[in-house]
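Participant: Sharing a structure, written as structure tokens. Questions coming.
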Amino acid sequence: MTGNLTLLLVLVGVSVPVLLAFAWLAATHVKRRIDTPPGTIVSHTVRVSAACVHRLRELSDQPLLLKLEDGVLRYQADDRPMAPVAVAPGLAPVALREVGVALSGKFGESWVAVVRLASPETVVADRLS
342 MTGNLTLLLV
352 LVGVSVPVLL
362 AFAWLAATHV
372 KRRIDTPPGT
382 IVSHTVRVSA
392 ACVHRLRELS
402 DQPLLLKLED
412 GVLRYQADDR
422 PMAPVAVAPG
432 LAPVALREVG
442 VALSGKFGES
452 WVAVVRLASP
462 ETVVADRLS
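Going by our numbering, the first residue of the sequence shown is number 342, and it counts up by one from there.
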């Protein structure tokens, strides 16, 4: 009986510190993941037509914010509030939809991106979420 009790105490005495060490390692790993800022910005260069870039430049020389959510594409230019693409002036809705379709192929069904004009036939999109 004494031998069984001794064996049990040795097993508990060894296993408890090992389990505590694993719990401490897991907790520090989780804390490190929580404290590290997420690297959510993903950048892609997208080829579009020259007419698309020209129309986007007419809309604004500044970067544009595009958001696709629940199948609705919205945009924000300069200091104006976010609005559906359909209400953009002139032929800008066509250009915004072209960029939106290209980005949906890369980013999926729901995303928010800052779009910058890079060259006469390319835009650079930085996905924010």
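Ideal Cβ positions, reconstructed from N, Cα and C, are used throughout, including at glycine.
Identify which residue in T343, L400, A466 and G441 has its Cα closest to the Cα of E410.
Facilitator: G441
Participant: With 16 as the cutoff for other CB atoms within 10 Å, does A362 come out buried or exposed?
Facilitator: exposed
Participant: Near P425, which residues of its chain fall below 7 Å by C-beta distance, leaving aside the five closest residues on each side in sequence?
Facilitator: V413 and R415
Participant: Give every residue of the same chain whose Cβ lies closer than 6 Å to the Cβ of R418, excluding the five residues on either side of it in the sequence, and list them in chain order.
Facilitator: First, the residue type needs correcting, since residue 418 is Ala and not Arg in the sequence shown. L400, S401 and L405, listed in sequence order.
Participant: For V456, tell me which candidate among E462, S445 and L407 has the shortest Cα-Cα distance.
Facilitator: L407
Participant: Per DSSP, which one or two residues make a beta bridge with H385?
Facilitator: Beta-bridge analysis with DSSP links H385 to A466.
Participant: Can you tell me which of P434, T386 and A427 puts its alpha carbon nearest to the alpha carbon of R468?
Facilitator: T386
Participant: Report buried or exposed for V389, applying the criterion of at least 16 other Cβ atoms within 10 angstroms of its Cβ.
Facilitator: buried
Participant: Identify the continuous beta strand (DSSP E) that holds A459 and give its terminal residues.
Facilitator: W452 to S460
Participant: Straight-line CA distance for A454 to V464?
Facilitator: Those two C-alpha atoms are separated by around 12 Å.
Participant: What is the DSSP secondary structure of R421, counted as helix, strand or coil?
Facilitator: coil
Participant: Hey, L437 and A443: beta-carbon distance below 8 Å or not?
Facilitator: no
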